[in-house]
Amino acid sequence: MVPLADETGWYTHWVAVERDVTERKRAEEEAHVNEERFRLLSRATNDVIWDWDLRRGQLWWNENLEALFGHSPDEVEQGLESWINRIHAEDRERVLAGIHAFVGSREQNWEDEYRFQRADGSVALVIDRGFAIRDAAGQAVRMLGSITDVTEQRELERRVRQSQKLEAVGQLTGGVAHDFNNLLTVILGNAEVLGESLRHDPPLRQLAEMTGSAAERGAELTSRLLAFSRQQALEPKVVDLNRLLASLDGLLRRTLPESIDIELVRGGGLWLAEVDPGQLEVALLNLAVNARDAMPGGGHLTIETANSRLDAEYARHHQELRPGQYVQVSFSDTGAGMSPEVVEQAFEPFFTTKEVGRGSGLGLSMVYGFVKQSGGHAKIYSEPDQGTTVKLYFPRVNAKAAAEAPPEVEIVAGGHEHILVVEDDDLVREYLSGQLVSLGYRVTSSASGPEALEQLRARDDVDLLLTDVVMPGGMNGRELADQALVLRPGLKVLFTSGYTENAIVHQGRLDPGVQLLGKPYRRQDLAERVRQVLDA
Numbered sequence: 001m002v003p004l005a006d007e008t009g010w011y012t013h014w015v016a017v018e019r020d021v022t023e024r025k026r027a028e029e030e031a032h033v034n035e036e037r038f039r040l041l042s043r044a045t046n047d048v049i050w051d052w053d054l055r056r057g058q059l060w061w062n063e064n065l066e067a068l069f070g071h072s073p074d075e076v077e078q079g080l081e082s083w084i085n086r087i088h089a090e091d092r093e094r095v096l097a098g099i100h101a102f103v104g105s106r107e108q109n110w111e112d113e114y115r116f117q118r119a120d121g122s123v124a125l126v127i128d129r130g131f132a133i134r135d136a137a138g139q140a141v142r143m144l145g146s147i148t149d150v151t152e153q154r155e156l157e158r159r160v161r162q163s164q165k166l167e168a169v170g171q172l173t174g175g176v177a178h179d180f181n182n183l184l185t186v187i188l189g190n191a192e193v194l195g196e197s198l199r200h201d202p203p204l205r206q207l208a209e210m211t212g213s214a215a216e217r218g219a220e221l222t223s224r225l226l227a228f229s230r231q232q233a234l235e236p237k238v239v240d241l242n243r244l245l246a247s248l249d250g251l252l253r254r255t256l257p258e259s260i261d262i263e264l265v266r267g268g269g270l271w272l273a274e275v276d277p278g279q280l281e282v283a284l285l286n287l288a289v290n291a292r293d294a295m296p297g298g299g300h301l302t303i304e305t306a307n308s309r310l311d312a313e314y315a316r317h318h319q320e321l322r323p324g325q326y327v328q329v330s331f332s333d334t335g336a337g338m339s340p341e342v343v344e345q346a347f348e349p350f351f352t353t354k355e356v357g358r359g360s361g362l363g364l365s366m367v368y369g370f371v372k373q374s375g376g377h378a379k380i381y382s383e384p385d386q387g388t389t390v391k392l393y394f395p396r397v398n399a400k401a402a403a404e405a406p407p408e409v410e411i412v413a414g415g416h417e418h419i420l421v422v423e424d425d426d427l428v429r430e431y432l433s434g435q436l437v438s439l440g441y442r443v444t445s446s447a448s449g450p451e452a453l454e455q456l457r458a459r460d461d462v463d464l465l466l467t468d469v470v471m472p473g474g475m476n477g478r479e480l481a482d483q484a485l486v487l488r489p490g491l492k493v494l495f496t497s498g499y500t501e502n503a504i505v506h507q508g509r510l511d512p513g514v515q516l517l518g519k520p521y522r523r524q525d526l527a528e529r530v531r532q533v534l535d536a
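Written as structure tokens, this is what we have:
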């Protein structure tokens, strides 16, 4: 509004111009709201949000650049260098070529996965997604996007794939071990019988004994396969690991050469653990042998026990591990050590860095499977030329340690009772029946569960059902035993198997009251177990 005056200076008119600014004010308000909304969204998300002005060459970051990667948005370069300089050197050329090709195209969306450097020097694996705003000519003038840290997700996916691979291998090895144990049962038993009958022919007896020794080595390998696949029937007891290690001290010193110094550090106030002591001894001896092989020129081996608490944060990075209190046993050697790539594969079956013929690649996989089946955790820490530490964790239990049983006198004892043998493998059934007859027992044999039930219905003098666990035909040994006990309450049952599946073993333990004779077995083992069950 402007006043107009006449020649005397008196204001006679007012001239005014009025403009309707409603739309302009609405547009300004919308722009303000949108800008505020963008700022709030960029703060609310867990991702890093970026805004690249291609015309001005400026790149804006939200606060999450510091929260996720440690870089303050106010301190990084203002241009594209703030992004380029933090792409991993091995990925930089590929990523830049991809985004430049995108900018020069007419596409709307861009995505890439690469490594991004954190402020502390570590590297994160990220997925970067963006979209382009283009002018009327199709030229990109602005890009907005987000960076998502997928490091933990990719690690979890890797662990799941590793777990699935080990599970598949475990299923395969378990089935192979079952068939091998059937064959080894016959070979070992016949070699033992031949050895006894050739007592007066030393050369032939030596061949029979060599056959038996080879069968025992095969049995040891299948035992390791079953341990890895977590299908070995464990008989856990409450154990004081300090006491167990003390009892193993002499054996360890005989196993390792004098050039290796052994130091046993037993933690004070050590908690108790519930494990199978026999299998634990085998696992510890395997670790000792591995340490020996890593120190061919001698060195130092430290075996240490301690109480440990594994929290939820640690468990989040280790599949199947439950947070809680654990009893720890660690083996630390001063040997050659391992690279990260070797450590990652060390627990896999048949993986070995030893020369051909010097190792089966089943030692550490057996340890891993046993610890996992016991509800525990195993971890390897190693660096090349710096040695290796293997830590085993077993869940703590609140109970009294099991009393040590006095050694039993081995006497082959037979009897006159009637035993029903159920075994689907013809060779094993024939061998087992022959062994029992030689011990004085009366034997009836069946090849399947349904056939065995018919035998039980036809006979009322069966004292013991000796049945394989894994059998074809829709009825396993446990199901047979359940139905047999309905027909004959009080019937004694002894299971035999080289591969238990879940029929009589749950959570890695034999079901309460279950008696098991593991394949392969010697005549002495068979005689003792049968007599033990019959006399119970």
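Following this note's numbering, the numbering of the sequence shown begins with 1 at its first residue and continues without gaps. Ideal Cβ placement from N, Cα and C applies to all residues, glycine included. None of these values were measured; they are calculated from a predicted model.
Annotated three-state conformation of His300 is strand, per DSSP.
In the structure shown, the three-state DSSP call for Leu439 is coil. In this structure Leu96 is in contact with Ile84, their Cβ atoms being roughly 7 Å apart against a cut-off of 8 Å.
The Cβ-Cβ distance between Met143 and Ala136 does not fall below 7 Å.
For the pair Met475 and Val186, the Cα-to-Cα distance works out to about 24 Å. Out of Val265, Glu263 and Thr255, the CA that lies nearest to the CA of Arg292 is found in Thr255. The C-alpha of Leu248 is placed about 12 Å away from the C-alpha of Ala283.
Contact fails between the segment 187-202 and the segment 467-483, because fewer than three Cβ pairs, one in each stretch, are under 8 Å apart. For the set Val21, Leu516, Val48 and Gly440, the Cα lying nearest the Cα of Asp468 is the one of Leu516. In the three-state reduction of the DSSP assignment, Pro236 falls in the coil class, being assigned neither a helical nor a strand state. Taking the CA atoms as reference points, Leu184 sits about 32 Å from Pro257.
Exposure of Ser339 is indicated by the presence of fewer than 16 other C-beta atoms within 10 angstroms of its C-beta. Taking Tyr521 as reference, the option from Ala447, Leu188 and Val327 with the minimal CA-CA separation is Leu188.
With a threshold of 16 other beta carbon atoms within 10 Å, Lys25 falls short and is exposed. Residue Gly145 holds the alpha-carbon nearest to the alpha-carbon of Asp51 among Thr8, Asp276 and Gly145.
In this structure the segment 365-374 does not touch the segment 327-336; the number of beta carbon pairs closer than 8 Å is below three. With distances taken between CA atoms, Leu68 lies nearest to Leu125 out of Glu23, Phe495 and Leu125. Taking each of Gln345, Leu321, Gly473 and Thr388 in turn and checking the Cα distance to Gly375, the smallest one comes out for Leu321. The continuous beta strand (DSSP E) containing Thr12 extends over residues Tyr11 to Val15. Taking every protein chain shown into account, the CB of Gly449 has 16 or more other CB atoms within 10 angstroms, so this residue is buried. Around the C-beta of Met295, 16 or more other C-beta atoms lie within 10 Å, and the residue is accordingly described as buried. A residue is called buried once 16 or more other Cβ atoms fall within 10 Å of its Cβ, and Ser438, having fewer, is exposed. For Trp61, the number of other beta carbons within 10 angstroms of its own is at least 16, and it is reported as buried.
With contacts defined as CB atoms closer than 7 Å, Gly337 and Asp385 qualify as a contacting pair.
Rounded to whole angstroms, Pro73 and Arg94 show a C-alpha spacing of 25 Å.
In its chain, beyond the 5 residues on either side, Thr302 and Thr389 have a beta carbon closer than 6 Å to the beta carbon of Ser332. Counting only residues of its own chain and dropping the five nearest sequence neighbours on each side, Leu80 has a CB closer than 6 Å to the CB of Leu59. In this structure the segment 266-273 touches the segment 305-321; the number of beta carbon pairs closer than 8 Å is three or more.
For the 7 Å CB-CB criterion, Asp425 and Met471 do not form a contact.
Between Gln435 and Leu526, the C-beta gap is smaller than 7 Å, which places the two residues in contact.
Beta-bridge analysis with DSSP links Val275 to Lys237.
The closest CA to that of Arg19, considering only Trp10, Gly518, Glu30 and Met1, is found on Met1. Counted as a single uninterrupted DSSP element, the alpha helix (DSSP H) harbouring Asp535 occupies residues Arg523 to Asp535. The beta-carbon distance between Arg129 and Glu111, rounded to whole angstroms, is 5 Å. This is short enough to meet the 8 Å contact definition. Considering only Ala101, Leu485 and Ala315, the residue with the shortest C-alpha distance to Asn109 is Ala101. In the three-state reduction of the DSSP assignment, Gln515 falls in the coil class, being assigned neither a helical nor a strand state.
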